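J.: Top to bottom, those sequences are chains A and B. Reminder that position 89 of the first sequence reads as 89 in our numbering, one-by-one numbering, no gaps. Reminder that position 85 of the second sequence reads as 85 in our numbering, one-by-one numbering, no gaps.
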Amino acid sequence: DVKVTQSSRYLVKRTGEKVFLECVQDMDHENMFWYRQDPGLGLRLIYFSYDVKMKEKGDIPEGYSVSREKKERFSLILESASTNQTSMYLCASSFFVGTGATNEKLFFGSGTQLSVL
Amino acid sequence: AQKITQTQPGMFVQEKEAVTLDCTYDTSDQSYGLFWYKQPSSGEMIFLIYQGSYDEQNATEGRYSLNFQKARKSANLVISASQLGDSAMYFCAMRVEGSNYQLIWGAGTKLIIKP
Chain A
1 DVKVTQSSRY LVKRTGEKVF LECVQDMDHE NMFWYRQDPG LGLRLIYFSY
51 DVKMKEKGDI PEGYSVSREK KERFSLILES ASTNQTSMYL CASSFFVGTG
101 ATNEKLFFGS GTQLSVL
Chain B
1 AQKITQTQPG MFVQEKEAVT LDCTYDTSDQ SYGLFWYKQP SSGEMIFLIY
51 QGSYDEQNAT EGRYSLNFQK ARKSANLVIS ASQLGDSAMY FCAMRVEGSN
101 YQLIWGAGTK LIIKP
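Written out as structure tokens, the structure reads:
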């Protein structure tokens, strides 16, 4: 069964802490994504990566950075956590090329609910 | 501006009834893809169905079908014979050509199936 695994389901951090959210996929997907989900706002893309060591900014990259040293792992880093970064964080992956459901559909992890106090 | 609108924040439906979840989209591109995802309370988003803008037939996947009306720019999800396990958040999303694999997401509809 295909899997996207996020390291923590719930996380509580203090303002100013450096926070690492880890995501691992076992499907050999080229694309990986980090989304933020807030009620009433849907999903907003933070960063995505289409290859190892490659990254692209999404809609809301401010306050975040990412790392992709290996194909299967995509990390989201909050350099100095703030209370407005309290949210659900979703990692996803997909194939690289082509259109249509097979190539484009996203596989998601279960999410990390981050609370910054 | 490219946008997805889901006008129903929440819905209650009796078990075994059919459900239609609304989704309208706005894009000037000719090539695009439309997706529906389900998010149960466990948190994991699950792909349900896909419709390409050039697909002439409405997509179907088991109990799910997508009512694609291109002229009206709508892509409603229809769930036939609803089940208690269908209770979840449902999100409509759109990928447009040249968007670098980014999806535009709607705000979601919370569906609750009543026994």
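Note that CB positions come from ideal geometry on N, CA and C, so glycine has one too. Predicted model only: the values in this text are computed from it and were never measured.
Run through DSSP, which three-state label would B:G10 get?
T.: As a position in the second sequence, residue 10 of chain B is number 10, starting the count at 1. In this structure, B:G10 counts as strand in the three-state DSSP scheme.
J.: Verify the CB distance criterion: does B:Y25 have a CB-CB separation below 9 Å to chain A?
T.: For this step, residue 25 of chain B is matched to residue 25 along the second sequence. No, because no Cβ of chain A sits closer than 9 Å to the Cβ of B:Y25.
J.: Please report the residue range of the alpha helix (DSSP H) in which A:N103 lies.
T.: Position 103 of the first sequence, counted from the start, is the residue given in the question as residue 103 of chain A. Element bounds for A:N103: 101-104.
J.: Give me whichever residues DSSP pairs with B:T109 in a beta bridge.
T.: Position 109 of the second sequence, counted from the first residue, corresponds to residue 109 of chain B. BP columns for B:T109 point to B:Y90.
J.: Using beta carbons (cut-off 9 Å, strictly below), is B:M94 in contact with chain A?
T.: Here residue 94 of chain B is taken as the residue at index 94 of the second sequence, counted from 1. No - not a single Cβ of chain A is within 9 Å of the one on B:M94.
J.: When you compare the CB of B:F68 with every CB in chain A, is at least one pair closer than 9 Å?
T.: The residue given as residue 68 of chain B occupies position 68 in the second sequence. So no, B:F68 is outside the interface.
J.: Using a C-beta to C-beta distance shorter than 8 Å, which residues of chain B count as neighbours of A:E104?
T.: As a position in the first sequence, residue 104 of chain A is number 104, starting the count at 1. Ordered by position in chain B, the residues that pass the 8 Å Cβ test against A:E104 are G33, F35, Y50, R95, Y101.
J.: Starting from the beta carbon of A:A101, find every residue of chain B whose beta carbon is closer than 7 Å, and list them in chain order.
T.: As a working note, residue 101 of chain A is residue 101 in the first sequence. Simply Y50.
J.: What does a CB cutoff of less than 6 Å around A:S8 pick up in its chain, not counting 5 residues either side in sequence?
T.: As a working mapping, residue 8 of chain A is identified with position 8 in the first sequence. The residues are T112.
J.: Could you confirm whether any beta carbon from chain A is found closer than 9 Å to the beta carbon of B:M45?
T.: Stepping through the second sequence from its first residue, residue 45 of chain B is reached at position 45. Answer yes: the Cβ-Cβ gap between B:M45 and chain A drops below 9 Å somewhere.
J.: The beta strand (DSSP E) spanning B:Q2 covers which residue range?
T.: Taking the second sequence and counting its residues from 1, one reaches residue 2 of chain B at position 2. Counting along the chain, B:Q2 falls outside any beta strand (DSSP E), and DSSP gives it neither H nor E.
J.: Anything in chain A within Cβ reach of B:A107, meaning under 9 Å, just list it in chain order.
T.: Here residue 107 of chain B refers to the residue found at position 107 of the second sequence. By Cβ distance, chain A contributes P39, G40, L41, G42.
J.: To the nearest whole angstrom, what separates the beta carbons of B:I79 and B:A93, a pair I think is in contact under 8 Å?
T.: Here the question's residue 79 of chain B lines up with position 79 in the second sequence. Here the question's residue 93 of chain B lines up with position 93 in the second sequence. The pair is not a contact, with the Cβ atoms about 17 Å apart (cut-off 8 Å).
J.: Looking at the unbroken beta strand (DSSP E) that takes in A:M88, where does it start and where does it end?
T.: The residue given as residue 88 of chain A occupies position 88 in the first sequence. A:M88 -> beta strand (DSSP E) spans 87-94.
J.: Between A:M54 and chain B, is there a C-beta pair that is closer than 9 Å?
T.: The sequence position of residue 54 of chain A within the first sequence is 54, counting from 1. No, no contact with chain B.
J.: For B:G43, does the three-state DSSP call read helix, strand or coil?
T.: The residue you call residue 43 of chain B lines up with position 43 of the second sequence. B:G43 falls in the coil class under three-state DSSP.
J.: How about B:F12: is its C-beta nearer than 9 Å to some C-beta of chain A?
T.: In the second sequence, residue 12 of chain B corresponds to position 12, counting from 1. B:F12 does not count as touching chain A.
J.: Looking only at its chain, what residues have a beta carbon closer than 7 Å to the beta carbon of B:P9, apart from the 5 residues adjacent to it on each side?
T.: Here residue 9 of chain B refers to the residue found at position 9 when the second sequence is read from its first residue. Hits under 7 Å: T109, K110.
J.: Quick check: B:A1 and B:S82, are their CB atoms within less than 9 Å of each other?
T.: In the second sequence, the residue the question calls residue 1 of chain B occupies position 1. In the second sequence, the residue the question calls residue 82 of chain B occupies position 82. No, the pair does not count as a contact, with Cβ atoms beyond the cut-off.
J.: Applying the criterion that 16 or more other CB atoms from any shown protein chain within 10 Å of the CB defines a buried residue, is A:R14 buried or exposed?
T.: By one-based count along the first sequence, residue 14 of chain A stands at place 14. Flag for A:R14 reads exposed.
J.: State the DSSP-derived secondary structure class of B:T27, mapped to helix, strand or coil.
T.: Residue 27 of chain B sits at position 27 when you count from the first residue of the second sequence. In the structure shown, B:T27 sits in coil (DSSP, three-state: anything other than H, G, I, E or B).
J.: For A:L41, does the three-state DSSP call read helix, strand or coil?
T.: As a position in the first sequence, residue 41 of chain A is number 41, starting the count at 1. In this structure, A:L41 counts as coil in the three-state DSSP scheme.
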